[in-house]
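> My structure is below; once you've seen it, I'll send some questions.
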Amino acid sequence: MHTMPNSIQSSESNPDIILDVRKLRTSFRIAGEWHAAVRDISFTLRRNETLALVGESGCGKSVTALSVLDLVPSQNGRIEAEQIQFNGRNLLGLSEDEMREIRGNRISMIFQEPMTALNPVLSVGHQVAEALLYHRDMNKEEANRAALELLDQVKIPSASSRFKEYPHQFSGGMRQRVMIAMALACRPDIILADEPTTALDVTIQSQILALLGELKRDTGMSLIFITHNLGVVASIADRVAVMYAGNIVEIADVDSLFAHPTHPYTEALMRSIPRSDRDTETLHSIPGQVPPISRMPDGCRFAARCDLARPICRKLDPALQQINAGSTHEVACWVRGDHDLTAIEDRANG
Amino acid sequence: MADTLLRIENIKKFFHVKRGFPVAKTMTVRAVDGVSFEVKRGRSFGLVGESGCGKSTLGRALLRLVEPDSGSVTFDGQDVLSTNASDMRALRQRMQIIFQDPYSSLNPRKRIGAALVEPLLVHGLADKRQAHERVLKLLDEVGLPPDAANRFPHEFSGGQRQRIGIARALTVGPELIVADEPVSALDVSIQAQILLLLRELQESHNLSFVFISHDLGVVRFFCQDMAVMYLGRIVETGPIPRIFEEPLHPYTHILRDASPVPDPRQSRKFLHIEGEVPSAVNPPSGCHFHPRCPYAADICKKVSPDWHQVDAERGVACHLFDTGNTGPDYPKR
Ligand SMILES: Nc1ncnc2c1ncn2[C@@H]1O[C@H](COP(=O)(O)OP(=O)(O)OP(=O)(O)O)[C@@H](O)[C@H]1O
Ligand SMILES: Nc1ncnc2c1ncn2[C@@H]1O[C@H](COP(=O)(O)OP(=O)(O)OP(=O)(O)O)[C@@H](O)[C@H]1O
Ligand code: SF4
Ligand SMILES: [Mg+2]
Ligand SMILES: [Mg+2]
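Chain order of the listed sequences is X and V.
Numbers 143 to 492, taken from the working numbering, label the letters of the first sequence in order.
Numbers 119 to 451, taken from the working numbering, label the letters of the second sequence in order.
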């Protein structure tokens, strides 16, 4: 068992950690002012682990992934962090050339809509082979052969006869397989998958999730899986970070998160899902909505929608804290975290 | 038992599209291919199925927003498809639709108040002052502040826009609402707000719903009866708890087990259903589902299965239920 909580554990003390993000803050300039879309989040990713980032629209999931790869648009975006340590190397301050080497080679990304990431006028096989030529030391013939193997590996049926087909001749699920093949081309250490199954039908989603699970097991890679669907989280994640309004509000092993959702937001979210596997008498709805990033309140950003909120919640921002000593389950909440509230409130008022 | 408000019989709607390159050929999309079901007064009937299976086309066809090719629609005893234009207008008051994205159906330059007043005036249901009062009451009913009437659609969040879409459907006092994926674009916390609102309104107005969704959890929560569609046809109908507890059609079974549930102990196993969703342009022979069906026999490739009414409540279209067969032997969940 790991006894150190996620946010304290570091890559220096633990070689099992492949990615160690500390105090990442990504901001955008809106009407002349900078606003944080992701605010001082810290998390680690272990080798061969699937970490799910889950949360509702606009909470900062995509921005987090884009920040790791330094892909936030620089005209109006800004990334700050204590460190983004990958395999013992800080990605912050790398040159664009060095970053390009990392992207696609060591860390690759898959998006929700594969059509936008694929070139419509090049054959599918050609595009996978290109990725190989670009990242691996191969000649054309070798690349073609390896591309076909990859298409087989992602289970494109009769891949050899479909090698020369174009993206529009593929269904959404098959295109997503092609994207996965391209992401795998350089045998990355990490795949960042941003809602890769959200646009797909459930039976196809189930196939893609199974495929990603298998590939992870066979290649030893790690996966950051972004989704807003807690059902998908339950089926693929080892560990889960729940995001709300730019913060990680809870992080835990998947079993622990679902058995003991602790942050009031996580808890409310779980109770707002109508389930297909059992009758739901009534749904719990969370009143109100997420504030826009240009109008974030002080203190805990969930306070205005939270049943448990106390005066301190609107003043001070709670940090991630173990739910009890020695636990890897952490929560950022004044009421649910392991805090001495009376002392803190006295100090805040004194 | 509640009485039948809406009866759909053998509805068909085909589209003729030009596809192919370099020589485009005219092909037939069998979007809705002989569909029948009934909706009881005050109840919600769920229509589920994967993308392109014909749910929206069916929903529109039964309101004659697209004209069906054949079949019949009976609403409260009245034959909808043979109704003339002026009577149809009166009927439209009683049958309304809500869309997935209400934004696309709202005029961006019109204030919400004006957009809601309009149908009341058009249908001659109120004078200006009454209409205005009624709109304020409606806004309150769907949980929007009165000043919403003076604002424009873009000033609202997705959830608020869906409330506006609901208010608009309610203005004319309908008895039946076709809701086409009304919560699919919303975050779960907002989705829950809208589902609760719809349920409340259903009770207070004794509304019936045809509720289209691809989310089984949403349908299980909101509806009492459902039909599962596959490539233009209904493969199974019945009351909700029974279909979920004991699906009859192999496709229903697979759909159920592929739907992710928020419980890691249950979801670890993935269902291995092979193949993609085929196209409605060129559907597979016989039972449309046979290329993906783990139970397919020879006859499934050749002959389209008949409808088997299993009991008073349930029916299925699958050869496993032909005379002498007892249905598939599913592993227990
Ligand atoms: N290029 C940008 N310029 C300005 N604001 C941005 C930009 N990209 C993202 N944002 C803002 O940052 C916040 C987080 O966005 P992000 O895309 O990470 O959300 P998300 O969690 O991925 O949501 P979704 O589930 O909708 O994809 C949002 O408020 C968004 O509007
Ligand atoms: N106006 C049209 N012209 C041509 N084909 C159409 C038209 N409308 C729908 N179709 C086709 O009919 C079939 C059924 O479409 P429909 O929109 O009813 O499906 P759906 O079940 O609502 O799908 P989704 O879940 O994606 O909304 C599809 O193959 C679609 O491409
Ligand atoms: S008819 Fe045959 S192919 Fe179709 S679902 Fe039943 S068993 Fe499967
Ligand atoms: Mg996103
Ligand atoms: Mg539709």
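Beta carbons: idealized from backbone N, C-alpha and C, even for Gly.
Return the CA-CA distance between alanine 267 of chain V and glutamate 251 of chain V, expressed in angstroms with no decimal places.
Using only the alpha carbons, I get a separation of about 11 Å.
> Per DSSP, aspartate 343 of chain V is paired with what?
Paired residues: V:Phe163, V:Pro357.
> Less than 8 Å between the beta carbons of tryptophan 476 of chain X and arginine 447 of chain X, yes or no?
Cβ distance not < 8 Å, so tryptophan 476 of chain X and arginine 447 of chain X don't count as in contact.
> Excluding sequence positions up to five away, which residues of its chain have a Cβ less than 6 Å from the Cβ of threonine 145 of chain X?
Its pLDDT being 43, under 50, threonine 145 of chain X is placed unreliably by the model, and the measurement read from it follows with that caveat. Correct list, in chain order: Gly468.
> Please indicate yes or no: does the CB of aspartate 265 of chain V lie closer than 7 Å to some heavy atom of ligand 5?
No, the Cβ of aspartate 265 of chain V stays beyond 7 Å of every heavy atom of ligand 5.
> Please check if any C-beta of chain V sits within less than 8 Å of the C-beta of glutamine 318 of chain X.
Chain V, which has no Cβ nearer than 8 Å to the Cβ of glutamine 318 of chain X, makes this no.
> What residues from chain X crowd round glutamine 384 of chain V, counting only those whose CB sits closer than 9 Å?
Within 9 Å Cβ-Cβ: Ala376, Ser377, Asp419.
> Return yes when at least one heavy atom of ligand 7 lies under 7 Å from the C-beta of serine 313 of chain X, else no.
This structure lacks ligand 7; its bound ligands are ligand 1, ligand 2, ligand 3, ligand 4 and ligand 5.
> Going by alpha carbons, who is nearest to methionine 241 of chain X out of X:Ala335, X:Leu208, X:Arg478, X:Pro433?
Cα-wise, what sits closest to methionine 241 of chain X is X:Leu208.
> Exposed or buried, which one is serine 322 of chain V when buried takes at least 16 other CB atoms within 10 Å?
Label assigned to serine 322 of chain V: exposed.
> For the beta strand (DSSP E) containing asparagine 389 of chain X, name the first residue and the last one.
Here the beta strand (DSSP E) through asparagine 389 of chain X covers 389–395.
> Quick one: does serine 436 of chain X have its CB under 8 Å from some CB of chain V?
With 8 Å as the cut-off, serine 436 of chain X does not count as an interface residue toward chain V.
> Spatial neighbours of valine 260 of chain V within its chain, please: CB distance less than 7 Å, with the 5 preceding and 5 following residues excluded, ordered by chain position.
Counting only Cβ-Cβ distances below 7 Å, and skipping sequence neighbours, we find Arg281, Ile284, Ala285, Leu315.
> Does threonine 145 of chain X have its Cβ less than 8 Å from a Cβ in chain V?
Model confidence at threonine 145 of chain X stands at a pLDDT of 43, short of 50, so the residue's coordinates are unreliable; what they give is reported in the following sentence. No, no contact with chain V.
> Could you confirm whether any beta carbon from chain X is found closer than 8 Å to the beta carbon of glutamate 394 of chain V?
Yes, contact with chain X.
> Considering just the uninterrupted stretch of the beta strand (DSSP E) at asparagine 128 of chain V, what are its terminal residues?
Start and end: 122–137.
> Is the beta carbon of isoleucine 129 of chain V sitting closer than 8 Å to the one on valine 157 of chain V?
No, the Cβ-Cβ distance between isoleucine 129 of chain V and valine 157 of chain V is not below 8 Å.
> Can you give me the C-alpha to C-alpha distance between leucine 319 of chain X and arginine 478 of chain X, rounded to a whole angstrom?
Strictly speaking, residue 319 of chain X in this sequence is arginine, with leucine absent from that position. When rounded, the distance between both Cα atoms is 41 Å.
> Given that phenylalanine 185 of chain X touches chain V, what residues does it touch there, using C-beta distances under 9 Å?
Result: empty, since nearest Cβ-Cβ is about 19 Å, beyond 9 Å.
> Among residues of its own chain, excluding the 5 on either side of cysteine 201 of chain X, which ones have a beta-carbon nearer than 8 Å to its beta-carbon?
Counting only Cβ-Cβ distances below 8 Å, and skipping sequence neighbours, we find Met385, Tyr386, Ala387, Gly388, Val432.
> Check whether chain V comes within 8 Å of aspartate 397 of chain X, counting only Cβ atoms and requiring the distance to be less than that.
Closer than 8 Å to some Cβ of chain V, the Cβ of aspartate 397 of chain X qualifies, so yes.
> Within 8 Å of any Cβ in chain V, is that where the Cβ of asparagine 371 of chain X sits?
Yes - at least one Cβ of chain V is within 8 Å of the one on asparagine 371 of chain X.
> CB-CB under 6 Å to phenylalanine 253 of chain X, same chain, minus the five flanking residues each way: which ones, in chain order?
Taken in chain order, the residues that qualify are Ala259, Asp336.
> Measuring CB to CB, does valine 391 of chain X end up less than 8 Å from valine 382 of chain X?
Not in contact: valine 391 of chain X and valine 382 of chain X (Cβ atoms no closer than 8 Å).
> At the level of alpha carbons, what is the spacing between phenylalanine 329 of chain V and glutamate 175 of chain X?
Those two C-alpha atoms are separated by around 44 Å.
> List the residues of chain X whose Cβ lies closer than 7 Å to the Cβ of glutamine 311 of chain V, in chain order.
Under the 7 Å cutoff, chain X gives Ser427.
> Tell whether a beta-carbon distance below 8 Å holds between serine 348 of chain X and phenylalanine 305 of chain X.
Going by C-beta atoms, serine 348 of chain X is not nearer than 8 Å to phenylalanine 305 of chain X.
> What number of angstroms, rounded off, separates the C-alpha of lysine 228 of chain V from the C-alpha of phenylalanine 217 of chain V?
Rounded to the nearest angstrom, the two C-alpha atoms are 18 Å apart.
> Using 7 Å as the cut-off, classify the Cβ of threonine 175 of chain V as near or not near the heavy atoms of ligand 2, replying yes or no.
Threonine 175 of chain V Cβ: within cutoff of ligand 2.
> By the criterion of Cβ-Cβ separation under 7 Å, what are the contact partners of glycine 152 of chain V in chain X?
None at all; the shortest Cβ gap to chain X is about 23 Å.
> Exposed or buried, isoleucine 136 of chain V, counting other C-beta atoms within 10 Å across all chains shown (16 or more means buried)?
Correcting the residue identity first, residue 136 of chain V is lysine in this sequence and not isoleucine. Burial call: exposed.
> Alpha helix (DSSP H) containing lysine 203 of chain X: first to last residue?
From DSSP, the alpha helix (DSSP H) with lysine 203 of chain X extends over 203–210.
> Taking 7 Å as the cut-off, is the beta-carbon of histidine 310 of chain X closer than that to any non-hydrogen atom of ligand 2?
Not so, every heavy atom of ligand 2 lies at least 7 Å from the Cβ.
> Could you tell me whether any non-hydrogen atom of ligand 2 is closer than 7 Å to the CB of phenylalanine 340 of chain V?
No, ligand 2 has no heavy atom inside 7 Å of this Cβ.
> Report the residue from V:Cys436, V:His426, V:Pro292 whose alpha carbon sits nearest the alpha carbon of glutamine 214 of chain V.
It is V:Pro292.
> Find the nearest neighbour of proline 309 of chain X within the set X:Glu423, X:Leu354, X:Met257, judged by alpha-carbon distance.
Minimum Cα distance to proline 309 of chain X is reached at X:Met257.
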